[in-house]
Amino acid sequence: MKARLKFTKTGPIRFVGHLDFMRTLQKLFRRAGIPVAYSEGFSPHQNFSIAAPLPVGTTSEGDYLDMQLTHAFDKGELASLLAKANQAAPPGVRFLTARILEEGETAGMAAVAASSYVVELQDSLVDAGILQAFMDQEQILVLKINKKGKSKEQDLRPGILAFDLEDGKLHMTLATGSVFNIKPETVLSLLLEFAGTPAGQDVHYRVHRTELYRQADGKLVPL
Amino acid sequence: MQELRLSDEILMHLEKPARYIGNEPNMVWKSPEEVDVRLAVCFPDVYEIGMSHLGLSILYNQVNKRTDASCERVFSPWPDLDKVLREKDIPLFALESQQDVRSFDLLGFTVQYEMSYTNILQILDLSKIPLLASERTPEDPVVCAGGPCTYNPEPLADFVDFFYIGEAEVAFDQVLDLYKQNKERGGSREDYLVSLLDVEGIYVPRFYDVAYKEDGTIASFRPNHPKAKSRIQKRLVVDLKGLDFPLDPIVPYIKPVHDRMVLELFRGCSRGCRFCQAGMVYRPVRNKPLEDLAAQADALVRNTGHDEMSLVSLSSSDYPQLQPLAEHLVDSCGQEHVNLSLPSLRIDSMSLSLMEKVQDVRKSSLTFAPEAGSQRMRDVINKGLTEEDILGGASAAFASGWNRVKLYFMLGLPTEHMEDVEAIADLSQKIVDCYHHIPKEQRNGPVSVVVSTSFFVPKPFTPFQWCAQDRKEDFLSKQRLLNGRINKKRIKYNSHDAQTSVLEGVLARGDRRVGALVLAAYRNGAVFDAWTEHFSYGCWAKAFEQTGLDPLFYSARERSREEILPWEFIDIGVTKKFLWEEYERAVNAHTTPNCMVDCVHCGAGVFKGGICIESKA
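Here it is in structure tokens:
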């Protein structure tokens, strides 16, 4: 049986990179006695995967992992599993919800279609007007360099699903996944360039992920 | 959760920001207001090294158990952060509270290797604590140090307010109690150091004067305070039964060099290898009871979530109950998907059958440490290993499916001749031949033999403490000879840096004057000397010139029986008489039985514990 856990990664642990964070989770699950299944083979490892790895420095209150459990669980057991995991979790990591995945449901990593972020800028470098003008562009072209070293233009505009300014913070929902993936930092630097911020200026900002989404009946729903 | 001391902008530009954020699982955090004594313990190297050290974890556990004291960690900032701290004038901070090191009551260093001495100065410097003990003010922490290198404390005497000689469990609590009492009394820094003179095992350098003869050797070493003892006896836990052990150690986020739980089997070593300082200073051997270890192992698995457990000791095969312990661990660890690692085993049929049970033979390599190539040389160092043992072990290992072997040797051992060096190549070749003697169809691919040599560094409190160390040129010619003789088709050869080994020799047997050398080297830019990529001999060469000290006086000079050695005011139990007799036996290639076979009255019996009082089987 597979379960999907929603969790946070906030505070100092934001500086722990993805691979180290995976090791941290493995140890956490062992301390908590979570019955996560192990893979076969000579060096068995815990069978779980994170839907969309966070970059170092980015915090999140809406990350997900799918885990294979050793046996079937009911809802009550799942709640106690969550409590045990929280007890063993380091500061900044909280497991918020757990749901049992339906038979044949797409894995989180493949299902994720979009992410929403809040970007906190230290200085008020943009206003609502600039943001509106930025979004009114028909195309937002960037040069993308592929693995062979060839560059190709890509239009990011269709992947910027929402972009607002609230309380001085930028809220954005961006396409995420293997087909179309946009990083919040990319959008931010395009916006700053559009706003006329001089290149090379030290811009201080913090990125916080609020939710991951999948497509369901043509709509985005939380993973 | 504590606010981090470094801004996101700084952290994001560091190679591994997680070295500086603390907050790991099992970290102990206490508000500075709730305790009377605050200790910062420092391993003067980078986080991943320091977090692999058991001693630090023991002290952290011991101090944090007290409700009136707290213990926090400090490590050397890697050069990327070192640069930022200096440029932006940010004082160094401890990981737990993220507060300035300088705000602590005590700063304790664990000194594990000589090449970390300049990092001690780096830590003090970045913390804005005066480097010289004599220049510290009431606002500075009292700086103390312990660990194997402090059995010769003299090269660090200028920088350290007091040394704790021996195992922390015995009297470190007393050290904290005295601090607290002195603080309550409103006593001065000096008052505290004087009060420490009542504690056995504490050495306060400022209460001793050294005078030198014209030839540079020591004329006298005398206390200058009525309470200062003329001999400092090391502290040692006589009976390890029921001894507190850290069962919920911190679990680092980033991978430390040893990413695993450790179970300490025993302290000391009965083998009596004559080059080995640990084998002498940690005498006598004291075993931990099997029941304690089994319970500790279970708790460690539950509390850390690590997937590997390592047994630590100086020679694991000598643990009397290794077999039942390993069986228990294989059983309980197997259920929990925990791998067992067994370093420091002598390779024989028993250990091989044990290793087959716990390791994947096809993936692991076996390590042999014959230390010397010829039998004569192995007898000189009292290794207690014959060529038959070595080749028998290798053959048995190859027959069990291993095909990768690592061999460790030393070059420059006392009385070494060129034929002893050549014997290293010959012995290595014989091991390769052992592999080819097993039938082709039983072989597991081609054999891989890696030979590594280090250069011998005479250490205090060993029978070789009087020896002249080889000069750099001798080391290099021996290295060249060996390199030319090794059959490179089957054997890979690695060697240490000769220059580093000579410097290590100077620092290991240095006297108080060597402190000025360390300081000058640090001022010249030396730091992270243990890291090949950071070691710069230029900084040290210049320091020798600036201080007028001659490296060869410390490294390449043979000492006489009569000479006052800089460290001999420390009493490790093992007597100078015994060490000298061992030295004489060594040069004649006479071996000495190990403690399990016969007592040779080394002096460690004075502690009335461990193997010294147990009946011999």
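Each protein sequence line maps, in turn, to chains A and B. Be aware that the first sequence starts at 1, since it is given in the numbering used here, and climbs by one per residue. Be aware that the second sequence starts at 1001, since it is given in the numbering used here, and climbs by one per residue. Note that the Cβ used here is the ideal one computed from N, Cα and C, for glycine as well. If you're wondering where the values come from, they're calculated on a predicted model, not measured in any experiment.
State yes or no: is the beta carbon of A/Phe15 nearer than 8 Å to at least one beta carbon in chain B? For the purposes of this step, residue 15 of chain A is taken as residue 15 along the first sequence, with counting starting at 1. For A/Phe15, the answer is yes, since a Cβ of chain B falls inside 8 Å of its Cβ.
With DSSP as the reference, label B/Val1574 as helix, strand or coil. Within the second sequence, residue 1574 of chain B is the residue found at index 574, counting from 1. Looking at B/Val1574 - three-state DSSP - the assignment turns out to be coil, as it is neither helix nor strand.
Proximity to A/Gly57 [Cα-Cα], best of A/Lys219, A/Arg206, A/Arg214 and A/Leu220: If you number the first sequence from 1, residue 57 of chain A lands on position 57. Out of A/Lys219, A/Arg206, A/Arg214 and A/Leu220, A/Arg206 has the C-alpha closest to the C-alpha of A/Gly57.
In terms of residue numbering, what span does the alpha helix (DSSP H) encompassing B/Asp1080 cover? Your numbering for residue 1080 of chain B matches position 80 in the second sequence. Element bounds for B/Asp1080: Pro1079 to Lys1088.
What is the DSSP secondary structure of B/Ala1294, counted as helix, strand or coil? On the second sequence, position 294 is the one that residue 1294 of chain B refers to. Helix, per DSSP.
Using the DSSP secondary-structure output, state which residues sit across from A/His171 in a beta bridge. For the purposes of this step, residue 171 of chain A is identified with residue 171 of the first sequence, where counting begins at 1. Per DSSP, A/Val118 and A/Asp164.
From B/Glu1184 to B/Val1035, what does the alpha carbon distance come to, in whole angstroms? Stepping through the second sequence from its first residue, residue 1184 of chain B is reached at position 184. Stepping through the second sequence from its first residue, residue 1035 of chain B is reached at position 35. Taking the straight line from one Cα to the other gives about 13 Å.
Contacts of A/Gly57 in chain B (Cβ-Cβ under 9 Å): As a first step, residue 57 of chain A is located in the first sequence; it is residue number 57 there, counting from the start. Result: Asp1008, Leu1011, Met1012 and Pro1017.
If we define contact as Cβ-Cβ less than 8 Å, is B/Arg1302 a contact residue for chain A? Your numbering for residue 1302 of chain B matches position 302 in the second sequence. Yes, because at least one Cβ of chain A sits closer than 8 Å to the Cβ of B/Arg1302.
So, B/Lys1083 versus B/Arg1102, is the Cβ gap smaller than 8 Å? For the purposes of this step, residue 1083 of chain B is identified with residue 83 of the second sequence, where counting begins at 1. For the purposes of this step, residue 1102 of chain B is identified with residue 102 of the second sequence, where counting begins at 1. For B/Lys1083 and B/Arg1102, no; Cβs fall outside 8 Å.
If the cut is a Cβ gap below 9 Å, which residues of chain A does B/Leu1004 touch? Residue numbering aside, residue 1004 of chain B sits at position 4 when the second sequence is read from its first letter. Those within 9 Å of B/Leu1004 in chain A are Gly11, Pro12 and Phe15.
According to DSSP, is B/Ala1617 part of a helix, a strand, or is it coil? As a working mapping, residue 1617 of chain B is identified with position 617 in the second sequence. Confidence at B/Ala1617 is low in this model, with a pLDDT of 47, below 50, so the placement of that residue should be treated as unreliable; the coordinate-derived value is given next. Here B/Ala1617 sits in coil by DSSP.
Where B/His1417 sits in the DSSP three-state scheme: Here residue 1417 of chain B refers to the residue found at position 417 of the second sequence. The answer is coil: DSSP assigns B/His1417 none of H, G, I, E or B.
Residues of chain B with CB under 8 Å from A/Asp63, in chain order? Start at 1 with the first residue of the first sequence, and residue 63 of chain A comes out as number 63. Going along chain B, no residue has its Cβ under 8 Å from A/Asp63, so there is no contact; the nearest lies around 16 Å.
Counting along the chain, where does the alpha helix (DSSP H) carrying B/Ile1120 start and finish? As a first step, residue 1120 of chain B is located in the second sequence; it is residue number 120 there, counting from the start. Residues Tyr1117 to Leu1126.
N- and C-terminal bounds of the alpha helix (DSSP H) containing B/Asn1444: As a working mapping, residue 1444 of chain B is identified with position 444 in the second sequence. Careful: B/Asn1444 lies outside any alpha helix (DSSP H) and carries neither H nor E.
Short of 8 Å Cβ to Cβ, which residues in the region 1021-1047 of chain B face chain A? Ile1021, Gly1022, Asn1023, Glu1024 and Pro1025
Residue interval of the beta strand (DSSP E) (run including B/Ala1219): Position 219 of the second sequence, counted from the first residue, corresponds to residue 1219 of chain B. Here the beta strand (DSSP E) through B/Ala1219 covers Ile1218 to Pro1223.
Just grab the DSSP bridge partners of B/Asn1494 for me. Sequence index remark: in the second sequence, residue 1494 of chain B carries index 494 (1-based). The partner list for B/Asn1494 (beta bridge, DSSP) reads B/Ser1452.
Taking only runs of the beta strand (DSSP E) that begin and end inside the region 87-143 of chain A, which ones reach a length of at least 3 residues, in chain order? 95-100 and 112-121
A/Glu102 burial status per 10 Å Cβ neighbour count (16 or more: buried): Position 102 of the first sequence holds residue 102 of chain A. Label assigned to A/Glu102: exposed.
I'd like to know whether the C-beta of B/Ala1617 is nearer than 8 Å to at least one C-beta of chain A. The residue you call residue 1617 of chain B lines up with position 617 of the second sequence. With a pLDDT of 47 at B/Ala1617, under the threshold of 50, the modelled position of this residue cannot be trusted; read the value that follows with caution. So, not an interface residue.
Short-range partners of chain B found in the region 82-99 of chain A, where Cβ spacing is below 9 Å: Ala88, Ala89, Pro90, Pro91 and Gly92
What's the gap between the Cα of A/Leu69 and the Cα of A/Ser39? Here residue 69 of chain A corresponds to residue number 69 of the first sequence, with the count starting at 1. Here residue 39 of chain A corresponds to residue number 39 of the first sequence, with the count starting at 1. One C-alpha to the other measures close to 11 Å.
What first and last residue would you give for the beta strand (DSSP E) that runs through A/Tyr205? Position 205 of the first sequence, counting from 1, holds the residue named residue 205 of chain A. Note, A/Tyr205: beta strand (DSSP E), Tyr205 to Ala216.
Within chain A, partners of B/Lys1255 - CB distance below 8 Å: Here residue 1255 of chain B is taken as the residue at index 255 of the second sequence, counted from 1. Near B/Lys1255 (Cβ distances below 8 Å), the residues of chain A are Asp20 and Arg23.
Can you list the residues of chain B that A/Lys27 reaches, using a CB-CB cut of under 9 Å? Taking the first sequence and counting its residues from 1, one reaches residue 27 of chain A at position 27. Result: Pro1025, Val1251, Thr1304, Gly1305, His1306 and Asp1307.
Is the CB-CB distance between B/Gly1166 and B/Leu1236 below 8 Å? As a position in the second sequence, residue 1166 of chain B is number 166, starting the count at 1. As a position in the second sequence, residue 1236 of chain B is number 236, starting the count at 1. Cβ atoms of B/Gly1166 and B/Leu1236: closer than 8 Å.
Which residues in the same chain as A/Leu141 place their Cβ atom closer than 8 Å to its Cβ, once the five residues preceding and following it in sequence are excluded? Here residue 141 of chain A is taken as the residue at index 141 of the first sequence, counted from 1. Excluding sequence neighbours, A/Leu141 sits near Glu153, Gln154, Asp155 and Leu156.
Please list, in chain order, the chain A residues whose beta carbon lies closer than 7 Å to that of B/His1337. Residue numbering aside, residue 1337 of chain B sits at position 337 when the second sequence is read from its first letter. Within chain A, the residues near B/His1337 are Tyr38 and Pro44.
Sequence-distant residues of the same chain with beta carbon closer than 6 Å to A/Ala99, five excluded per side: Here residue 99 of chain A is taken as the residue at index 99 of the first sequence, counted from 1. At residue 99 of chain A the sequence reads Arg, which differs from the Ala that was named. Here the set comprises Arg4.
What is the rounded straight-line gap between the Cα of B/Leu1193 and the Cα of B/Ser1070? Within the second sequence, numbered from 1, the residue matching residue 1193 of chain B stands at position 193. Within the second sequence, numbered from 1, the residue matching residue 1070 of chain B stands at position 70. Using only the alpha carbons, I get a separation of about 20 Å.
From B/Met1261 to A/Phe42, what distance separates their C-alpha atoms? One-based indexing of the second sequence puts residue 1261 of chain B at position 261. One-based indexing of the first sequence puts residue 42 of chain A at position 42. Each residue's alpha carbon lies about 21 Å from the other.
Residues of chain B with CB closer than 7 Å to the CB of A/Arg4, please, in chain order. The count along the first sequence starts at 1 and reaches residue 4 of chain A at position 4. Here the premise fails: no neighbours, minimum Cβ distance about 22 Å.
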